[in-house]
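First the structure, in the form of structure tokens, and then the observations on it.
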Amino acid sequence: MEWLGLHFFTELPEHGHLLLNCSHNPFLVLLAYLVACAAGFGTLDMAERVGHVEDPTARRNWRWLGAGCLAGGIWSTHFISMLAFQAPVAIHYELIMTFASLLIALIASLFAMQTLSHANLRLHQYLLASVWMGIGIALMHYVGMSAMHSQAQVYFEPGLFMASVGIAIGSSLAALLLSSYLRTGTGVFHQLLKYAASLVLGAGILSMHFTGMAAMQMIVPTGADLSLPTGNNPIQLGLSVAVITLLVIGSSVSAALADKKLQHKERDLRRVNALLSELDQARASLQQVAHYDALTSLLNRRGFNQIFAEKLAEKTASHGMMAVIFLDIDHFKRINDSLGHDAGDQLLTVLAGHIKGSVRSHADVVARFGGDEFCILISIHHRDEARHLAQRIMQQMKEPIELAGRRMVMTTSIGISLFPDDGLTCEELLKTADLALYQSKDMGRNSLNFFSSNLKTRASLELQLEEELRGALRARNQLVLFYQPIFDMKQGKVTRLEALVRWQHPQHGLLGPDRFIGIAESNGLIAELDHWVLRQACHDLSLLSDRGYTELTMSVNCSALNLARDELADEIEDALRLSGIAATRLELEVTENALMGNISSTLALLRQIRALGVSLAIDDFGTGYSSLAYLKRLPLNTLKIDRSFIQDIPKSIADIEIVQAIIGMAHTLHLQVVTEGVETQAQFELLLKHGCDFVQGYLLSPAVAANDIIGVIQGINLRDPHGGAAAKDGSSAKESSPSRDSPTSIARPIR
Ligand code: C2E
Ligand code: CA
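Under the UniProt record's numbering, the residue at position 342 of the sequence shown is numbered 342, and the numbers go up by one with no gaps.
Structure follows, in structure tokens:
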């Protein structure tokens, strides 16, 4: 078969001579190997780049450059090797075919680089690709051979020819596998591996060429001029080609190196950017946590203060007007205590939504200060704008809310302060709004108040009272106990007293507990105060015992805060021991909400107190949200119906029914019932009719000083039918002396 003047699989002609004394210039062979190795290295490097860059254009460019390196390298190797070939005939190279072979090399190399662009190829795909590449390289080689013109006819020995094609395919496979293996990885070892692989690839390229050359048989006609050509300097040409090729490959490798560094830098930069944006996000979420309330997503106090300061600076500069509106949900604690914190949270979320819905969305600032306290900041032109907004919120708050299967209607107390009238700094404005809120609460809640200067006077008075109360507790000569008798309906006489504390203030006179219990509670003084009351009441009871009142029992009020102290049981025990009073003569009154607060820990303390023999009463019953299930679990003895249920009796049929129901329920739970605040005869009669066990109220007597209590007890008892004797002492007792057969006739006020 003859192809492009070359003979494949053809018998050698009978005429002519076979050139045997052909040789290769070893320097040029070495040069060719060097170029082949450089081409191998360049290809591996470019393949690595193709694998690493993400930009498709850059990828394409690297593919082309890689193909250029490989094609240039293979072709130069072939060209220099041909220059190294020395035969005793004159040889010329045809330019077109030489360039055709270069083009073929380029196509095969492009194909190789294209194959290497795919990240994960299977082995059979590598095999197929290397077959095509190998054929391409072989084609380049033999097309290159066809460019060689001389007197000789060129024949190829079939075995070696096939071996050369095989080597081309094998080298291609090795190149592809090594390239994809070395595409990833860094470090010195990786670099060394690349060098070693380049040497192997170079050897592959070169051995393909020389196997092809070994297959070549040159037949010259008989009588041809067989002399070694002179004049040409193949070494010079070979060197030039090698230098150009190495320069091209070297610059490509340098470009790849630079790109690699650039890419690393870019990656580092991207990582830094990613880190920075992560930091930004972290800062933003920290900001969110630091400045916003997690439950309602409203601003918290800190966030509010920041915005408040900015707005205040604006308003000060523009001589504008602003209102600070403080909001407090009335009796929110009861919800928390009785329905649990989850229900409380749910309620707060709904109420926060109501508040947000009532304000002008962007201009106004709404914050939750914790608990059930909210604060709104609005820009205004007239105080009425603040009033209207507050009224709108109060109205909105009254919308019924479904909570834990109940329908709730909440009310709000509001306090408003105005900039610049009520304060020039954030602190002043918050304080004055707080004072106004305090005023609203004091007025029975569900109301709104603007700050006024007399509130400030009152606030400073409170502060002074707090200090004076500390002094009074230390000095122990200003606090006094008053006693209010509790009338036993069955026995018809006073069998109990309630100890009610008073403060004999040097300037303000006798102060009721409403003026100072709150102050004591909010300033950590209540434990001391209640402890004093307990010991004093026990002491007074022991004095009463000495006067013959050995059956009288004493009720002492206990603050909810005190119920959280484990020492309480020990204090009670000490007070009883010191006074020598039997534990059964003491009763502790605890409000409904105090009991419902932290039921499990309270329960343990209450059991401890009960174990001493001391009775327990639930005070102000009906004002909280206690559940019957809880009530059943508590070790109670007495239930005190709150005054508010009695007030409108007998006018209010509903209240009569409620009181009747409470008495029935208490008796079912084996609790004795005391009704507080009995002021009229009609109330007394009604309670008697419905089986109330005890009554307490102004009808019988208000709380009186310890010195007066015996007279009061006697007065009541003398008027009682079961008390026996008619009044012997005291004109007032005589005046109101009851007839023996009318138990209700005693029920007229003594004082
Ligand atoms: P409380 O336990 O509900 O006490 C009953 C209050 O109702 C007493 O007011 C009593 O004077 C008043 N009261 C009694 N009968 C009538 C009536 O017929 N009509 C009217 N309108 N009021 C009546 P006081 O003494 O001002 O005590 C107020 C609250 O202060 C008490 O309510 C109690 O919760 C608390 N308190 C009193 N003394 C102490 C104490 O020593 N420690 C503690 N922690 N709290 C105390
Ligand atoms: Ca009480």
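Idealized CB from N, CA, C, for every residue including glycine.
Can you list, in chain order, the residues of its chain with a C-beta nearer than 8 Å to that of residue i? Leave out the 5 residues immediately preceding and following it.
i    : result
E10  : This sequence places Thr at residue 10; Glu is not what is there. Counting only Cβ-Cβ distances below 8 Å, and skipping sequence neighbours, we find M1, E2 and Y155.
A39  : C69, L70, G72, G73, I74, S76, T77, L201, G202, I205, T245 and I249
H7   : M1, Q153, V154, Y155 and F156
H667 : V673 and G691
H15  : P221 and T222
F111 : A129, W132, M133 and G136
G724 : For G724, the predicted model reports a pLDDT of 36, less than 50, meaning its position is unreliable; a value from the coordinates is still stated below. Answer for G724: no residue qualifies.
L299 : H291, Y292, D293, I307, V365, V366, A367 and R368
K490 : D693
Could you please give me the residues that DSSP links to residue i through a beta bridge?
i    : result
F8   : F156
K640 : V674
Q391 : Paired residue(s): none; Q391 is not in a bridge.
I618 : V590 and L639
K493 : D488
G509 : H505
M322 : S379 and F419
S23  : Q86
F694 : D488 and V674
R368 : F374
F189 : Looking at the DSSP assignment, F189 forms no beta bridge with any residue, so it has no partner.
H149 : H92
R407 : E402
Could you tell me if residue i is buried or exposed, where buried requires 16 or more neighbouring beta carbons within 10 angstroms of its beta carbon?
i    : result
V188 : exposed
I546 : In the sequence on display, residue 546 carries Asp and not Ile. By the neighbour-count rule (16 or more Cβ atoms within 10 Å), D546 is not buried but exposed.
R368 : buried
R585 : buried
N336 : buried
G357 : exposed
Y195 : exposed
V272 : exposed
S522 : exposed
L12  : exposed
R502 : buried
H388 : exposed
G444 : exposed
H670 : exposed
G664 : exposed
R122 : exposed
I653 : exposed
T57  : exposed
T638 : buried
Got a sec? Which residues, its chain only, sit under 6 Å from residue i by beta carbon, not counting five neighbours each side?
i    : result
G72  : T245 and V248
D729 : Because the pLDDT of D729 is 34, which lies under 50, any placement of that residue in the model is unreliable, and the question is left without a value.
N471 : Correcting the residue identity first, residue 471 is Gly in this sequence and not Asn. Excluding sequence neighbours, G471 sits near nothing in its chain.
S179 : L44, A47 and L116
G42  : C69, I249, S252 and V253
D422 : T432 and F451
A105 : A71, I74, W75 and M140
R643 : E676 and G677
Excluding five sequence neighbours on each side, which residues of the same chain lie with their C-beta closer than 7 Å to the C-beta of residue i?
i    : result
L686 : I649, P650 and I656
D259 : R49
I380 : M321, M322, A323 and A386
D566 : L605
F304 : V365, A367 and C375
D434 : F326 and G415
A87  : L19, C22 and M218
L469 : F516, I519, A520 and L525
A706 : L481, Y483 and D540
Can we count residue i as close to ligand 4, meaning its CB is less than 7 Å from some heavy atom?
i    : result
I581 : No copy of ligand 4 occurs in the structure displayed; its ligands are ligand 1 and ligand 2 alone.
Please check if any C-beta of chain D sits within less than 8 Å of the C-beta of residue i.
i    : result
A242 : Any reference to chain D falls outside this structure, which holds one protein chain only.
Meets three-Cβ-pair contact criterion under 8 Å: the region 400 to 412 and the region 326 to 337
yes
Three or more C-beta pairs under 8 Å: does that hold for the region 89 to 107 against the region 23 to 34?
Contact between the region 89 to 107 and the region 23 to 34 is absent, because fewer than three Cβ pairs lie under 8 Å.
Segment contact, 8 Å Cβ cut-off, at least three pairs: the region 455 to 462 with the region 483 to 493
no
Quick check: the region 549 to 566 against the region 496 to 507, are there 3 or more CB pairs under 8 Å?
yes
Go through the residues and name those whose CB comes closer than 6 Å to any heavy atom of ligand 2, in chain order.
E498, N557, E589 and D619
Hey, is the region 158 to 168 in contact with the region 205 to 216, meaning 3+ C-beta pairs nearer than 8 Å?
The region 158 to 168 is in contact with the region 205 to 216.
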